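Number of protein chains: 2
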Amino acid sequence: MELSERKKKILQIVVDDYIDTAVPVSSKAITEKYMSSISSATVRAELSALEELGYLTQLHTSSGRVPSPDAYKLYVSELMIKDKLTAKELNYIKSIFLEKTDNIESVLKNAVKVISELTDYTSVGVHSKGEDDKFRQIKFFRFKPETALVLIVTDVKLLKDNYISIPPSMTDEQLEEASSLINKLFSGKTFKEICKIELDFNESFIGYKTIFINVIEALKTYFAEDEQSVLMEGEDKFLKHAEYADVNRIKEFLSVVTKKEKVFSILTEDNKDIKFNVKIGIDDDGAIPKDCSVVSATYSVNGNKIGTYGVIGPARMDYQKVVAVLENVGKILESILAGR
Amino acid sequence: MELSERKKKILQIVVDDYIDTAVPVSSKAITEKYMSSISSATVRAELSALEELGYLTQLHTSSGRVPSPDAYKLYVSELMIKDKLTAKELNYIKSIFLEKTDNIESVLKNAVKVISELTDYTSVGVHSKGEDDKFRQIKFFRFKPETALVLIVTDVKLLKDNYISIPPSMTDEQLEEASSLINKLFSGKTFKEICKIELDFNESFIGYKTIFINVIEALKTYFAEDEQSVLMEGEDKFLKHAEYADVNRIKEFLSVVTKKEKVFSILTEDNKDIKFNVKIGIDDDGAIPKDCSVVSATYSVNGNKIGTYGVIGPARMDYQKVVAVLENVGKILESILAGR
DNA sequence: AATTAGCACTCAAGCAAAAAGAGTGCTAAC
DNA sequence: GTTAGCACTCTTTTTGCTTGAGTGCTAATT
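These protein sequence lines map, in sequence, to chains V and C. Per this note's numbering, the first sequence runs over residues 480 to 819. Per this note's numbering, the second sequence runs over residues 480 to 819.
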């Protein structure tokens, strides 16, 4: 059901004020600070109704009201007055992205960094698994006769650390030829496409069979590693905020933030089809800690969602600032990725 | 001045008991649990003397005694009975190091990981800046006519992410030749040595001058980045320990542990020439937080100290376990590095 | 000269009762 | 529908009191 305009106004005031002061909001505070035209008794009736509807809660009978998770969600999607960044902040964002843009990972790293710095919350970014990343080039570094470090460059990133074994009998020239063969065959293709390639190991090819299989194996490990691709910044920023004055809250928060796989699943799980997803932890056993909020957005290239970025912090978060920063960073991020 | 045997014994008991129980140790506890032959009044006199000497402190007049930083240091260097690891633990250490050993960084990473897991403290490792790392091989990935990604492999690690600009007029063949020239010239040399090489750009060489200069530039950035080489594991392990029930303690701890450059300077600053260095934070403005302890050791190859590894945790730390783990890991670490 | 028993003293920690204050819900009047 | 007024609830803070652990000191003992 749709809320009356006055209810919306009051709810907005409560959320605004609570975000600002961290103190439960009383009817008196509302009339005195924001709505001198009506009396506190009227506001009390409205607050009571909003509580009935699930948007507000009371810590105890004689305390002011605190927004519920639903209230924050509504606030972000409808109630909140959008913030604008200062020219200084906008310039700062732009300046960060001027740095080298040769691979998506470093672009995303910059995005995550700037988000954390401007919002003062822990920021995160995940890039899609990369099944659509395009193969660019392969090179081998032969360290010993039987092992080589294989380097694969995609349009997204460079992968190293994949050691493969090669037949010791193979000469360096043959290895070189193998790499140019692979380059010719795979170049420009996505991982999905590469897997479909029917390899015809005829006589001119047969010597490279092991290599090919090993390279594809290396590619598979590349696409399998997902937690690796979680980028975070400002893991300790949450301590700056008043809610984290309690040891258990801190433990809860850290137990999530220090586990990249947890962060990954939170960010990639079902997102509603709205611009900014807000997820707030309710009980203690969910993926997100109690009273902890995750605001995230996806970025796309050519209409394909290829990653998610956002912030993690207390439920009582400065959503105006956060959304403004995410919005602006997102725009630049997409424009850079589109122009590649 | 040298302590009497009895004082040493009592100090050892106090530290042992305090590490075990986290409760200030009373004269009564000492006589009842460990020294039934003498009376508590005698112990009290000794405790009083040890306090006078700076080894013990009292929280208030009617509390038991707590070891001072000096007491912990003496404990580790002289008083403590060395712990032995179980066969299971030893096997675990060995098993971890069986993994790929192709570069020092990954070996150190394993060391740090195993230390954190066995001790349950945050562990750290830093490798020397690398002026003695040996150049192995260079390769160029030409992305655009005017830029290339340069990959340099040393005996320690692989460095990527160094983009250099190349003259667009240069053909791929010339670039290839440049890389084999560089390989021939630099191979097996340390950074120091490379810097000393007098480059004679005679006619056959002159075309590669820009490349050479750019490569050396890339090497310099490599050696300049130092905080990068701080490896850490178990950043949230400290929360497991009783001392971190206080928010300010947590903040202090995290403010150090999340800043790699701080950890770096703590680990690399003046170490006494003993096997296990113990540094304990005293006041709040030092590099190390109050009541926080850092136990570290260096590892060497051919008599050259090339890195430091250790743990960070509360002053009331299980030094027996920590030293035993560090000792064993250090041995394996050095044997692996020596055998390269 | 070192050790010990005994005792007074100190201080933290826990508890209960009281006081203060903020905020609500309800009711009756506007 | 709105509002003033008031009783009621619940938290927070303060205060005083009690308990108990542990020490330091002193005088007696070995």
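Even glycine gets a Cβ: it sits at the ideal position worked out from N, Cα and C. Every value quoted in this text rests on a predicted model; they were computed, and no experiment measured them.
| Asked | Found |
| --- | --- |
| Enumerated in chain order, which unbroken segments of the alpha helix (DSSP H) with a length of 4 residues or greater are wholly contained in the stretch 538–569 of chain C? | 548–553 |
| Express the C-alpha separation of Leu718/C and Thr700/C in angstroms, rounding to a whole number. | 36 Å |
| Specify the secondary structure class of Leu630/V as computed by DSSP and reduced to three states. | strand |
| Starting from the Cα of Glu481/C, find the closest Cα among Tyr497/C, Thr521/C, Leu577/C and Leu532/C and give me that residue. | Leu532/C |
| DSSP on Glu712/C, reduced to helix/strand/coil? | strand |
| Check each residue of the stretch 713–728 of chain V: if its Cβ is closer than 8 Å to any Cβ of chain C, include it; give the result in chain order. | Glu714, Asp715, Leu718, Tyr723, Ala724, Asp725 and Val726 |
| If we call anything under 7 Å between Cβ atoms a contact, is Ser602/C one with Glu712/C? | yes |
| Would DSSP call Lys487/V helix, strand or coil? | helix |
| So Leu654/V contacts chain C; which residues on that side make the cut at Cβ distance below 8 Å? | Ordered by position in chain C, no residue passes the 8 Å Cβ test against Leu654/V, which lies about 13 Å from the chain. |
| Leaving aside the five residues before and after His720/V along the sequence, list all residues of the same chain whose C-beta is less than 6 Å from its C-beta, in chain order. | Pro793 |
| Using a C-beta cutoff of 7 Å, does Thr737/V count as contacting chain C? | yes |
| With a cut-off of 7 Å, does the C-beta of Leu587/V fall near any C-beta of chain C? | no |
| Hey, Val522/C and Thr536/C: beta-carbon distance below 7 Å or not? | no |
| Could you spell out where the alpha helix (DSSP H) holding Val808/V opens and where it closes? | Tyr798 to Ala817 |
| Would a check of beta-carbon distances place Lys618/V closer than 7 Å to chain C? | yes |
| Measuring CB to CB, does Gly543/V end up less than 7 Å from Lys613/V? | no |
| With 9 Å as the C-beta to C-beta threshold (strictly closer), list the residues of the stretch 730–759 of chain C near chain V in chain order. | Lys730, Leu733, Ser734, Val736, Thr737 and Lys738 |
| Does the distance from the CB of Pro624/C to the CB of Pro647/C come in under 7 Å? | yes |
| Within 10 angstroms of the Cβ of Thr633/C, are there 16 or more other Cβ atoms? Answer buried if so, exposed if not. | buried |
| Under a three-way DSSP split, which group does Ala776/V fall into? | strand |
| List the endpoints of the continuous alpha helix (DSSP H) containing Ile673/C. | Phe670 to Lys675 |
| Apart from the five residues on each side of it in sequence, which residues of its chain come closer than 7 Å, Cβ to Cβ, to Tyr687/C? | Ala657 and Leu660 |
| What are the residues that DSSP puts in a beta bridge with Asn693/C? | BP columns for Asn693/C are empty, so no partner. |
| So Thr747/C is in the alpha helix (DSSP H); what residue range does that whole segment cover? | Lys739 to Thr747 |
| Tell me the DSSP bridge mates of Lys507/C? | According to DSSP, which records beta bridges pairwise, Lys507/C is partnered with nothing at all. |
| Going by DSSP, what residue range makes up the alpha helix (DSSP H) through Asn589/C? | Ile583 to Thr598 |
| Buried or exposed: which applies to Cys674/C, given that a residue is buried once 16 or more other Cβ atoms fall within 10 Å of its Cβ? | exposed |
| By DSSP, does Phe620/V sit in helix, in strand, or in coil? | strand |
| For Val736/V, which residues from the same chain have a beta carbon less than 8 Å from its beta carbon, with the 5 sequence-adjacent residues on both sides left out? | Thr601, Met711, Glu714, Phe717, Val742 and Ile791 |
| Which residues does DSSP list as the beta-bridge partners of Phe614/V? | Thr633/V |
| Would you mind working out which of Pro503/C, Lys488/C and Ile498/C sits nearest Tyr513/C, comparing C-alpha positions? | Lys488/C |
| In the DSSP assignment, what residue or residues form a beta bridge with Ser644/C? | Thr626/C |
| Quick check on DSSP: helix, strand or coil for Lys751/C? | coil |
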